[in-house]
Amino acid sequence: MSEATPRITAPYLESFSGKVVRITGKVIQLRGENATIDAGGHISISVPKDAHLAKDHAVELVGKVSPDLTVRVLTATDLGMGIDFAAVDAVVDATHRYKEIFYGEESGY
Numbered sequence: 001m002s003e004a005t006p007r008i009t010a011p012y013l014e015s016f017s018g019k020v021v022r023i024t025g026k027v028i029q030l031r032g033e034n035a036t037i038d039a040g041g042h043i044s045i046s047v048p049k050d051a052h053l054a055k056d057h058a059v060e061l062v063g064k065v066s067p068d069l070t071v072r073v074l075t076a077t078d079l080g081m082g083i084d085f086a087a088v089d090a091v092v093d094a095t096h097r098y099k100e101i102f103y104g105e106e107s108g109y
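First residue of the sequence shown? That's 1 in this note's numbering, and the numbers climb one at a time after it.
See the structure below:
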């Protein structure tokens, strides 16, 4: 993917409506092609059939934020268990605080 995918958590969803983003969270519910993850708050996601998510596992996903603030997943990677979500939140905070370092001025973020 050549497009910048800013790291976000649930509180940033509204600011990134219509954009492709990267989210790391914990799968808390699976319902067919829909799921809910916890990434600083609950986020509803729609996952492709070939995505293999597991309840209580961490997942890193790249997806597009819909106007209703659900995320249509483009790619998903199961990260297993034992992720330090405080560290994930710190990385997200740093990328937004110093976005010019992470994404460059031309990214529009």
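Think of the CB as a built atom: it goes at the ideal place given N, C-alpha and C, for glycine as much as any other residue.
* **Neighbourhood of Asp78 by C-beta distance below 7 Å, restricted to the same chain and skipping five residues each side** => His52, Leu53, Ala54, His57 and Val59
* Where the alpha helix (DSSP H) through His96 begins and ends -> Phe85 to Arg97
* Asked: Is the distance from the Cβ of Ser44 to the Cβ of Thr70 below 8 Å?
  -> yes
* Would you kindly work out how many angstroms separate the C-alpha atoms of Glu3 and Val20, rounded to a whole number? => 8 Å
* **N- and C-terminal bounds of the beta strand (DSSP E) containing Ala51** => Here Ala51 belongs to no beta strand (DSSP E), and DSSP marks it neither H nor E.
* **Inter-residue spacing [alpha-carbon to alpha-carbon] between Tyr98 and Val88** => 15 Å
* In chain order, what residues of the same chain have a beta carbon less than 7 Å from the beta carbon of Thr75, not counting five sequence neighbours either side? -> Leu61 and Val62
* Look at the alpha carbon of Pro11 and the alpha carbon of Ser17, and state the distance between them as a whole number of angstroms. => 12 Å
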